[in-house]
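J.: Numbering (the working numbering), first residue to last: 5 to 293. Glycine included, C-beta positions come from ideal geometry on N, C-alpha and C.
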């Protein structure tokens with residue numbers, strides 16, 4: 005029996021996913037028009053034939069990807085994984101073309117496409133797939149930063165008032181995993197004296213994210229010091245090459261400009277980018293530090 009070519013299989017499905025992304029963009033544009041019409045004009049937006057054709061096309065692409073994954077599972081004898089795929093897609097049966105809107109980051113996504121990408125990622129996680137195109141990587145990085153910038157609104161929309169970093173990052177993870185199926189949490193980076201664990205990582209983009217919960221001006225300075233320690237710990241990691249330090253502040257203790265200046269004065273590598281967000285919350289039993 006011929007061996008299964010994981011690399012060619014991945015290339016084939018990535019082409020399909022590129023097609024689905026283009027079609028989703030077309031559908032998304034019309035969905036935005038409809039939302040805008042309802043919000044400002046109180047008039048029903050009339051979708052044209054192109055919108056419905058795109059819906060049909062998206063359904064066809066996603067069904068084709070599903071068939072290819074099912075064939076691969078059968079070829080590899082992975083009956084349990086095939087059953088998992090069917091189970092996860094069951095609730096979307098008859099609605100593969102539908103998009104879901106994430107209000108906190110103003111983003112539409114296809115839950116069916118997400119499930120299929122997750123399975124492809126799991127199937128090809130053991131092989132080197134090479135680098136993505138510069139265009140695709142750049143756009144994915146912009147999308148990631150857009151989600152991180154929206155952390156405050158994300159938690160507000162979910163009525164979450166955090167009291168520590170863990171409560172913040174768990175909500176961010178819930179959003180990221182829908183957009184980037186290969187998002188992981190606390191992957192260890194072993195050093196001689198200590199093991200470092202990025203709060204969240206997007207493996208495909210080799211991007212690690214550290215969250216700091218800040219509830220006072222003193223905590224803001226302590227958080228910056230903590231990031232400087234992380235910088236040394238992550239230095240030389242082959243898995244993570246781009247880093248985001250997200251400071252979730254419950255008040256205006258420091259500006260993004262002030263933190264950027266601190267980074268410059270400390271010669272922080274350019275691959276580290278600070279992001280400052282503001283939101284509700286307070287530390288429980290907060291003590292002076």
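Considering just the uninterrupted stretch of the alpha helix (DSSP H) at residue 211, what are its terminal residues?
T.: One-based indexing of the chain shown puts residue 211 at position 207. Taken as a continuous stretch (DSSP letters only), residue 211 belongs to no alpha helix (DSSP H), being part of the beta strand (DSSP E) at 211–218.
J.: Within the continuous alpha helix (DSSP H) that includes residue 176, where are the two ends?
T.: The count along the chain shown starts at 1 and reaches residue 176 at position 172. Residues 169–183.
J.: Per DSSP, residue 253 is paired with what?
T.: As a working note, residue 253 is residue 249 in the chain shown. Per DSSP, 218 and 282.
J.: Would you list the one or two residues that DSSP bridges to residue 204?
T.: The sequence position of residue 204 within the chain shown is 200, counting from 1. DSSP lists 189 and 213 as partners of residue 204.
J.: Quick one: is residue 162 buried, meaning 16 or more other Cβ sit within 10 Å of its Cβ, or exposed?
T.: If you number the chain shown from 1, residue 162 lands on position 158. With fewer than 16 other Cβ atoms within 10 Å, it is exposed.
J.: Who pairs with residue 246 in a beta bridge, going by DSSP?
T.: Taking the first residue of the chain shown as 1, we reach residue 246 at position 242. Beta-bridge pairing links residue 246 to 211.
J.: Count the other CB atoms within 10 Å of the CB of residue 137; is the residue buried (16 or more) or exposed (fewer)?
T.: For the purposes of this step, residue 137 is identified with residue 133 of the chain shown, where counting begins at 1. Only weak support exists for where residue 137 lies, its pLDDT of 48 falling under 50; the coordinates are left without a value.
J.: So what does DSSP say about residue 105, is it helix, strand or coil?
T.: On the chain shown, position 101 is the one that residue 105 refers to. Correct three-state label for residue 105: strand.
J.: Taking only beta-carbon atoms, is residue 74 less than 9 Å away from chain C?
T.: The structure shown contains no chain C; it holds only a single protein chain.
J.: Can you check which of these residues, 239, 71 and 31, is closest to residue 54 by C-alpha distance?
T.: As a working note, residue 54 is residue 50 in the chain shown. Cα-wise, what sits closest to residue 54 is 31.
J.: Hey, could you find the ends of the beta strand (DSSP E) residue 113 is sitting in?
T.: What you label residue 113 is simply residue 109 of the chain shown in a count that begins at 1. From DSSP, the beta strand (DSSP E) with residue 113 extends over 111–113.
J.: Out of 61, 247, 271 and 14, point me to the one whose CA is closest to residue 129's CA.
T.: As a working note, residue 129 is residue 125 in the chain shown. Selected option, being the one with the closest Cα: 14.
J.: Name the residue from 73, 150 and 241 whose alpha carbon lies nearest to the alpha carbon of residue 89.
T.: As a first step, residue 89 must be located in the chain shown, where it is residue number 85. Looking at the Cα atoms, 73 is the closest of the given residues.
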